[in-house]
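Quick note: to get the numbering used here, add 541 to the position in the sequence shown (first position is 1). Quick reminder that beta carbons are idealized off the backbone N, C-alpha and C, glycines included.
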Amino acid sequence: MHYQCSIENQQLRCSLIPDRDLTDAVFCCSAMAPLTVTDGGRFIKRVGSYTEIELPALSAGTSHTFFLAYTQGMPPANRAWLPQGPCLRTGKGIISLPPSETGFKPLAATEATALPQHVLRLAPQPVDWQPATGSVFIESLRFESSAFDCGALTAASKLAVRRQFGTFIDPDGFPATLKSADVATDGYQLQITTDGVVISANSYGGRFYAAITLLTLMQNHKGNIPLGTITDAPRFAWRGQHLDTARHYYETDTIFELLDLMALLKLNRFHWHFADDEAFRLQIDCYPELWQQTEMRGEGHLLPAIFSADRQAGGSYSKQEVRQLLERAAELNIEILPEIEAPAHALAFARIFPQTRDPDDTGTETSVQGYEKNVVNPAMPHTWEILAKLVREVGALFPFGHVHLGCDELPANTWSGSPRAKLLMARHNLQTRDDLSGWFIAKLAAMVEENGQRPAAWEEAVLGSNGGIGHNALLFSWSGQGPGIQAARNGYDIVMCPAQHVYLDMAHSDNPDDWGANWAAYVSLADTIAWDPVPNPEIADKIIGVQGAFWSEFTTRDEQMWPMILPRILGIAVKAWQEDDIRPGTLAGLAVHYKQSELNIPAGTLQKNTE
Ligand code: ACM
């Protein structure tokens, strides 16, 4: 069976040459966003971006061409927009078609920017570095015996072994001393002389990051570490990276690798997005059917092969795996923020629990991702019964004491066709959809607070004339910085994650050979640092951090994530840690130094240099 698809005149041109006569073939695929057929077939059905197209009778050896277009008028930008997991369904079974070549492929790299001699090959750069003359060769460190009990140094040592950096702590190593000092949380001072290294810190994070700095300098300066004194502390307490493991199931080993990478860049919050329209992937005990029936998608499952390269894809995370991830994260000074999604982005949830929707709802609202009926209804008692148990169990599993509730992208006109929602609105004097959304999220947040935890949500959670989620919540400003600035003025704590700068699923460039989405922007390495998380000093104390995001709509294999996250996560780390940006060009130079072999990250990762 010959099959090929390419981008032509802003459409997808697909051609098939079957090796047998087929009278009942249905072309099935998923894509970046909802698709329709413009020629050569008949649209049958769609679930979000998963689409089925009936083809006319096909004759063996004769080519048939059909054209697909994105329904929202988006011109396909690059190879990531070609059909995913294409197949033909026939009366006699499924015929898989060869997938388009997927994943980021290194584009012609621009010349690496040479690093000036005096630059410490370290990202993020420290607050202060006072160089002395000369350098010292350090292959490993020998700490005073008491320091061997220091968990932070042991954790760094184990990280060095995992990443194949070699031995960090060795009885024959260069002398090193650990001291207490009055420095900020996660801050440290490092004195590097020919006599030895002195680490001064007074927190686990400070000792750990001092070790990470030494480890990095040992790698990037090939052991010849410049002498001098480094004084360092983070700009923001929240230095995050998000991963969407709902659209694509990532092996836990991949998450372990991401945690290692985050730690090497001094990031300290992992935002774990394991629930969305397409799946709920945490093995909770209160409602096992939720993950058991949504972890796999494809033929014979509740949801079709949305965002899948093969017809049966998925998985879920056991509590044992969660505990292992938590243990590793703690070693790496990382807290894990779990996210459940409500009231929207909840197709899988609502399919498992139809009693969370008003059966008399006549609404036909569709989400931007093309889903219908993907919102739970605040007027249904089951909604609250189920969500209460869910937030309790999820919250109890993660010691961070924060639960992210979602609350993004409620489709327009949601609940307007629900008689029960209308009654609820009348009872509570709520006028608009946003008022009801605010009422919903405030009630859910109160449940989290009753469990002794802090609610978090996307920026939309403040909507509604009653003030939305409430001021104890932490908000994530994603559509840009504007909503975060406004909410900060209104007294909310904000994590800045503007899509135009930190959404690492965006393509790096407009090159059609690139890979990624573009609805927010093309995001180069330079773009990840070309913004100010605190554009207005008045709200400085309300902006508590910076976070990168990686959404997995068109990621069908774990390894496709790396060249999207790297090198741009360097920019996230720089923004989250440093007060001032390093000079243009330095980051590109550093990106080269953080190349694949040094971080031991899978192939292709750092070959692109966009600055
Ligand atoms: C989001 O990107 N909808 C948070």
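Tell me the residue span of the beta strand (DSSP E) that contains residue 882.
876 to 883
Quick one: what does DSSP say residue 1078 is sitting in, helix, strand or coil?
helix
Compute every distance between the C-beta of residue 794 and the non-hydrogen atoms of the ligand ACM, then say whether any falls below 7 Å.
no
Rounded C-alpha distance that separates residue 789 from residue 837:
10 Å
Short Cβ contact (8 Å threshold) for residue 879 with residue 945
Yes. Within cutoff.
What did DSSP end up calling residue 652 once you bin it into helix, strand or coil?
For residue 652, the predicted model reports a pLDDT of 47, less than 50, meaning its position is unreliable and no value from the coordinates is stated.
With a threshold of 6 Å on Cβ separation, who are the neighbours of residue 711 within its own chain once the five nearest residues in sequence on each side are excluded?
Correct list, in chain order: 681.
Can you tell me which of the three DSSP states residue 733 falls into?
Residue 733: strand per DSSP, three-state reduction.
Measuring alpha carbon to alpha carbon, tell me which residue in 1118, 1079 and 1046 is nearest residue 1107.
1046
Given residue 904, which residues of its chain have a CB within under 8 Å of its CB, disregarding the five upstream and five downstream residues?
954, 955, 956, 957, 958 and 959
Where residue 625 falls, given that 16 or more other Cβ within 10 Å makes a residue buried
buried
Identify the continuous alpha helix (DSSP H) that holds residue 925 and give its terminal residues.
922 to 938
Considering only heavy atoms of the ligand ACM, does any lie closer than 7 Å to the CB of residue 595?
Because no heavy atom of the ligand ACM lies under 7 Å away, the Cβ of residue 595 does not count as near it: no.
Does the beta carbon of residue 949 fall short of 7 Å from some heavy atom of the ligand ACM?
yes
Proximity below 8 Å, CB of residue 639 to CB of residue 553:
no
Residue 999: CB within 7 Å of a non-hydrogen atom of the ligand ACM:
yes
Residue range of the beta strand (DSSP E) that residue 765 falls in?
765 to 773
Could you pull the start and end residues of the beta strand (DSSP E) that residue 943 belongs to?
943 to 947
Looking only at C-alpha atoms, which of 1098, 785, 778 and 895 sits nearest to residue 1083?
778
Tell me whether residue 1019 counts as near the ligand NAP, meaning its Cβ is closer than 7 Å to at least one heavy atom of that ligand.
The model on display carries the ligand ACM but not the ligand NAP.
Could you give the first and the last residue of the continuous beta strand (DSSP E) run that contains residue 721?
715 to 721
Once you ignore the five residues that flank residue 1024 on each side, which residues in its own chain have a CB closer than 7 Å to its CB?
Correct list, in chain order: 1000 and 1018.
Within the same chain, show all residues whose beta-carbon is closer than 6 Å to that of residue 556, passing over the 5 residues directly before and after it, in chain order.
545, 604 and 606
Cut-off 6 Å between Cβ atoms - residues of its own chain near residue 685, not counting five sequence neighbours on either side:
718
CB contact check: residue 905 to chain E, cutoff 8 Å:
Within the model displayed, chain E is absent; a lone protein chain is all it includes.
Is residue 782 helix, strand or coil by DSSP?
If DSSP states are grouped into helix, strand and coil, residue 782 belongs with the strands.
Using a Cβ-Cβ cut-off of 7 Å (strictly less than) and excluding sequence neighbours within five positions of residue 1030, which residues of its own chain qualify?
1080
Find the nearest neighbour of residue 1075 within the set 1091, 1034, 690 and 976, judged by alpha-carbon distance.
Comparing Cα-Cα distances from residue 1075 to each of 1091, 1034, 690 and 976, the minimum goes to 1034.
Return the first residue and the last residue of the beta strand (DSSP E) that residue 635 is part of.
634 to 637
Provide the residue span of the alpha helix (DSSP H) that contains residue 830, from first to last.
829 to 833
Would you mind listing the beta strand (DSSP E) stretches within the stretch 1058 to 1104 that are 3+ residues and don't spill past its ends, in chain order?
1084 to 1089
To which residues of the same chain is residue 1088 closer than 8 Å at the C-beta, ignoring the five residues directly before and after it?
Within its own chain, the residues whose Cβ lies closer than 8 Å to the Cβ of residue 1088, once the five positions on either side in sequence are excluded, are 779, 780, 781, 782, 783, 810, 812, 1017, 1036, 1037, 1038, 1043, 1113 and 1117, listed in chain order.
Beta-carbon proximity of residue 486 to residue 938, cut-off 8 Å:
Given that the chain is displayed from residue 542 to residue 1152, the structure contains no residue 486 and the question cannot be resolved.
Between residue 856 and residue 886, what straight-line distance do the alpha-carbon atoms span, to the nearest angstrom?
Using only the alpha carbons, I get a separation of about 19 Å.
Distance between residue 870 and residue 942 (C-alpha atoms, nearest Å)
Taking the straight line from one Cα to the other gives about 15 Å.
Let me check one thing: in DSSP terms, what residues is residue 996 bridge-paired to?
944
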